[in-house]
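As structure tokens, the structure follows; a few thoughts come after it.
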Amino acid sequence: MSENLDKSHVNEAGESKSAASEEGQKGALECSDEALQEKVKSDSPSPLRVGRPHSSPPRLVTVEELLETAKGVTNMALAHEIVVNGDFRINAVELAEGSLEKRVKEIVHKAFWDCLSVQLSEDPPTYDHAIKLVGEIKETLLSFLLPGHTRLRNQITETLDLELIKQEAENGALDISKLAEFIVGMMGILCAPARDEEVKKLKDVKEIVPLFRAIFSVLDLMKVDMANFAISSIRPHLMQQSVEYERKKFQEVLEKQPNSLDFVTQWLEEASNDLLTQKCKHALPAGGGAAGSGDAPLLTAASVQNYAYLKLLKWDHFRRPFPETVLMDQPRFQELQLQLEQLALLGAVLLVTFSTSAPAVSGHAGFAEKLKTVVKILLADVHLPSFQLEDALTSIGEKVCLEVSSCLSMCGSSPFSVSKETVLKGQIQALASPDDPIRRIMESRILTFLETYLASGHQKLLPTVPGGLGPIQKELEEVAVKFVRLVNYNKMVFCPYYDEILILQIEPTASWMLGSQTNTTLSLTCSWERISRLHARRLSSLSRVVQC
Numbered sequence: 001m002s003e004n005l006d007k008s009h010v011n012e013a014g015e016s017k018s019a020a021s022e023e024g025q026k027g028a029l030e031c032s033d034e035a036l037q038e039k040v041k042s043d044s045p046s047p048l049r050v051g052r053p054h055s056s057p058p059r060l061v062t063v064e065e066l067l068e069t070a071k072g073v074t075n076m077a078l079a080h081e082i083v084v085n086g087d088f089r090i091n092a093v094e095l096a097e098g099s100l101e102k103r104v105k106e107i108v109h110k111a112f113w114d115c116l117s118v119q120l121s122e123d124p125p126t127y128d129h130a131i132k133l134v135g136e137i138k139e140t141l142l143s144f145l146l147p148g149h150t151r152l153r154n155q156i157t158e159t160l161d162l163e164l165i166k167q168e169a170e171n172g173a174l175d176i177s178k179l180a181e182f183i184v185g186m187m188g189i190l191c192a193p194a195r196d197e198e199v200k201k202l203k204d205v206k207e208i209v210p211l212f213r214a215i216f217s218v219l220d221l222m223k224v225d226m227a228n229f230a231i232s233s234i235r236p237h238l239m240q241q242s243v244e245y246e247r248k249k250f251q252e253v254l255e256k257q258p259n260s261l262d263f264v265t266q267w268l269e270e271a272s273n274d275l276l277t278q279k280c281k282h283a284l285p286a287g288g289g290a291a292g293s294g295d296a297p298l299l300t301a302a303s304v305q306n307y308a309y310l311k312l313l314k315w316d317h318f319r320r321p322f323p324e325t326v327l328m329d330q331p332r333f334q335e336l337q338l339q340l341e342q343l344a345l346l347g348a349v350l351l352v353t354f355s356t357s358a359p360a361v362s363g364h365a366g367f368a369e370k371l372k373t374v375v376k377i378l379l380a381d382v383h384l385p386s387f388q389l390e391d392a393l394t395s396i397g398e399k400v401c402l403e404v405s406s407c408l409s410m411c412g413s414s415p416f417s418v419s420k421e422t423v424l425k426g427q428i429q430a431l432a433s434p435d436d437p438i439r440r441i442m443e444s445r446i447l448t449f450l451e452t453y454l455a456s457g458h459q460k461l462l463p464t465v466p467g468g469l470g471p472i473q474k475e476l477e478e479v480a481v482k483f484v485r486l487v488n489y490n491k492m493v494f495c496p497y498y499d500e501i502l503i504l505q506i507e508p509t510a511s512w513m514l515g516s517q518t519n520t521t522l523s524l525t526c527s528w529e530r531i532s533r534l535h536a537r538r539l540s541s542l543s544r545v546v547q548c
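For reference, each letter of the sequence shown is one residue, going 1 to 548 in full-length UniProt numbering.
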């Protein structure tokens, strides 16, 4: 199966479709969402009516519609990132050193603080700007409070009463240092433990203008902390709503850019054609009888989708556009692809090492882990463009031979002969070729493991690891869990679109079934009501897997 995953069936028609879709995709991504508040109240698109015009070209849209669509795409991507990425955090903006934006910001800020310094230096001082700053600080502090912080709310409101502060300033009785001291003390109460050091440093600043400037700097960091706290709090609730929300926002994009599923269609068609070709080959009689004899191969929508997801792990990201419905997860699929390539090389090195060396080495406690650690370190930069695999494998061959000789010496076994060293180094060096048989076997077994795990549905237990993958079982299972969770969530969101494409656009000569447990063949005239019930069952099953 793995041999067919990296084959691209691109013809002239596909290229023209690709060009048209690329324009549509760029329009959708450059385009946003004033209508979020209005449209989020409406029902999400039903699987019974997945609106995708099949022959209508992209229509002309206004600038306002483009902005609305672009904002919708941005919101959809943000919600998706929060749900899928458990480590998602908002970070403070760091402007590039020497950039125009940074220089302009510094000039404007310097002018503002110089103006404040001049006002406070007057006799009597003018507190207009200072009072405005106190008002902003007050609103910021109040925004940090939770509904139960009644006492703190009252303290902030009473102490930072702007009307009272203005009266004190007019009568020459305002003590700005006392207000700053209260503000710093309140920041120490409300800040996260990670900001205690920054708040403590504020107490050492005695001049008013530098103190206010430092206060606003720390408040900006506290805002970021509060935003991340809010994200972690809403993530469990967002998980329940994100599927319908993402599907709704994608449907809005699709209505404005009807060709936004062209790459998805091409991706699924390629997967179905590859899978059908494989099944037809396996269905041929052993004696070379007629292809029409015997039962026609049955493909299920689930098997085609699973195979299509596996093709993403062998994708040429530089030459082929990524399918639209998985575009937001392209960096994750690239990362998984690199991890699996590294695991395939690691497993192949370990396999040839244990096959060539004495049985005492492979059975020695701790040797496999030590060797695996060494090889992983030497392959750590495999994702970098400057990485030279041939040079790395040469170093790995030398290091592996040293480790094997050392282990044999410790075990009291016969030394590792020069001829065996030469053979082992040659086999390791040969792994640099993508067509190396051992490397291809490892890649095929890894993909078989992932395919089995995908097909297992809602079962929590991982399938048995194929032979030869034992030394990398832990790493492979970690990657498999990430991959399956990503796939299952994508299925939950975009299943209606995938099924419509498989039902309406694939040639009806193959037999299609939407469920793997039914014997009923789905024709092009199948009822949408039946599809809707199936979607509900599948989404319910997938949601249990994602939550696990």
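Note that CB positions come from ideal geometry on N, CA and C, so glycine has one too.
Extent of the continuous alpha helix (DSSP H) run through residue i
i	result
Ser121	Leu100 to Ser121
Ile189	Ile176 to Leu190
Pro438	What sits at residue 438 in the sequence shown is Ile, not Pro. Looking at the DSSP string, the run of the alpha helix (DSSP H) that includes Ile438 is Pro437 to Ala455.
Phe367	Phe367 to Leu378
Lys203	Lys203 -> no alpha helix (DSSP H), and no H or E assigned at all.
Glu421	Val418 to Ala430
Ser406	Leu389 to Cys411
Glu207	Where Glu207 is concerned, there is no enclosing alpha helix (DSSP H), given that its DSSP letter is neither H nor E.
Leu162	Leu162 to Glu170
Simplified DSSP state of residue i, which is helix, strand or coil
i	result
Glu23	With a pLDDT of 44 at Glu23, under the threshold of 50, the predicted position of this residue should be treated as unreliable, though the coordinate-derived value follows. Reduced to three states, the DSSP call for Glu23 is helix.
Thr157	helix
Thr277	helix
Thr300	strand
Ala96	coil
Gln251	helix
Pro466	coil
Arg235	helix
Phe263	helix
Gln241	helix
Ile90	coil
residue 560	No answer is possible for residue 560: the residues shown for the chain start at 1 and end at 548.
Pro193	helix
Phe144	coil
Asn228	helix
His80	helix
Leu476	helix
Asn488	helix
residue 557	The structure shown does not extend to residue 557, since the chain spans only 1 to 548, so no value can be given for it.
Asp381	coil
Ser386	coil
Leu221	helix
residue 558	For the chain, the structure presents residues 1 to 548; residue 558 sits outside this window and is missing.
Leu152	helix
Ser272	helix
Leu502	helix
Leu133	helix
Pro496	helix
Pro258	coil
Pro471	helix
Rounded Cβ spacing between residue i and residue j (contact assumed at less than 8 Å)
i	j	result
Ala79	Leu238	7 Å
Gly366	Ile472	Their Cβ separation, rounded to whole angstroms, is 16 Å, which puts Gly366 and Ile472 out of contact at 8 Å.
Leu141	Ile156	5 Å
Asp329	Leu486	6 Å
7 Å Cβ cutoff, residue i in contact with chain D
i	result
Glu198	No chain D is present in this structure, which holds just one protein chain.
**Prompt:** Which ranges does the beta strand (DSSP E) cover as unbroken runs of at least 3 residues, wholly within the region 312-365, from first to last along the chain?
**Reply:** none
**Request:** Evaluate contact between the region 429-437 and the region 302-314, counting only Cβ atoms and requiring at least three cross-stretch pairs below 8 Å.
**Result:** no
**Item:** Validate contact between the region 339-357 and the region 411-428 using beta carbons, cut 8 Å, 3 pairs
**Value:** yes
**Asked** Are there three or more Cβ pairs, one per stretch, closer than 8 Å when the region 158-175 is compared with the region 114-132?
**Response** yes
**Request:** Please determine if the region 109-118 and the region 145-156 are in contact, where contact requires at least 3 C-beta pairs separated by less than 8 Å.
**Result:** no
**Request:** Check whether the region 242-250 touches the region 489-503, taking contact to mean three or more Cβ pairs, one atom from each stretch, closer than 8 Å.
**Result:** Yes, since at least three Cβ pairs between the region 242-250 and the region 489-503 fall closer than 8 Å, the two stretches touch.
**Prompt:** Is there contact here, the region 376-388 with the region 401-420, by at least three beta-carbon pairs under 8 Å?
**Reply:** no
**Prompt:** Using 8 Å as the Cβ pair cut-off and three pairs as the minimum, do the region 200-213 and the region 179-186 touch?
**Reply:** Here the region 200-213 makes contact with the region 179-186; the two share three or more CB pairs at distances below 8 Å.
**Request:** Take every Cβ of the region 442-454, pair it with every Cβ of the region 364-384, and state whether three or more of those distances are shorter than 8 Å.
**Result:** Judged by Cβ distances under 8 Å, the region 442-454 makes no contact with the region 364-384, as fewer than three pairs qualify.
**Message:** Under 8 Å, with one C-beta from each stretch per pair, do the region 190-204 and the region 220-230 reach the 3-pair mark?
**Reply:** Look at the beta carbons and you see the region 190-204 touching the region 220-230: at least three pairs across the two are nearer than 8 Å.
**Request:** Please determine if the region 336-346 and the region 81-101 are in contact, where contact requires at least 3 C-beta pairs separated by less than 8 Å.
**Result:** no
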